[in-house]
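Okay, so the sequence shown: first residue is 82 according to the numbering used here, each after it adds one. Every residue gets a Cβ at the ideal spot worked out from N, C-alpha and C, and that includes glycine. Just so we're clear, the structure is a prediction, and the values are computed from it rather than from any experiment. First up is the structure itself, then whatever we jot down about it.
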Amino acid sequence: MSKTVDRNFGTISCECDNCGETAEIEFDDTPNFKACQNELNKSGWTTAQIDGEWKDFCSEKCAEKFKKDLREGK
Numbered sequence: 082m083s084k085t086v087d088r089n090f091g092t093i094s095c096e097c098d099n100c101g102e103t104a105e106i107e108f109d110d111t112p113n114f115k116a117c118q119n120e121l122n123k124s125g126w127t128t129a130q131i132d133g134e135w136k137d138f139c140s141e142k143c144a145e146k147f148k149k150d151l152r153e154g155k
């Protein structure tokens, strides 16, 4: 999964594992990854477990392209 926490700015940053698009979710005191994931999902983001690793995608379209490229060895 490609989420990073910046405690100085109070944000969790998420990068799409296919196209590199990013999203930032703000938090007050402690990062809440469940709340972050809910916010991302509301914005159309999705996650998928691929080969035992969790991946983040900005859309279903990006997730499907990533899976297709993986199958084709790209």
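Within 10 Å of its beta-carbon, does Asp-110 have 16 or more other beta-carbons around it, so buried, or fewer, so exposed?
Translated into the one-based positions of the sequence shown, residue 110 becomes position 29. Answer is exposed; the Cβ neighbour count stays below 16.
Compute the beta-carbon to beta-carbon distance between Asp-98 and Asp-132, rounded to the nearest angstrom, for a pair I have assumed lies under 8 Å.
As a first step, residue 98 must be located in the sequence shown, where it is residue number 17. As a first step, residue 132 must be located in the sequence shown, where it is residue number 51. The Cβ separation is near 12 Å, so there is no contact.
DSSP puts Glu-96 in a beta bridge; with which residues?
As a first step, residue 96 is located in the sequence shown; it is residue number 15 there, counting from the start. According to DSSP, residue pairing for Glu-96 in a beta bridge involves Thr-103.
Compare the C-alpha of Trp-126 against each of Pro-112, Asn-113, Glu-153 and Ile-106 and name the closest.
Against the sequence shown, residue 126 aligns to sequence position 45. Of the listed residues, the one whose Cα sits closest to Trp-126 is Ile-106.
Helix, strand or coil: how does DSSP classify Trp-87 here?
In the sequence shown, residue 87 corresponds to position 6, counting from 1. The sequence shown places Asp at residue 87, not Trp. Asp-87: strand per DSSP, three-state reduction.
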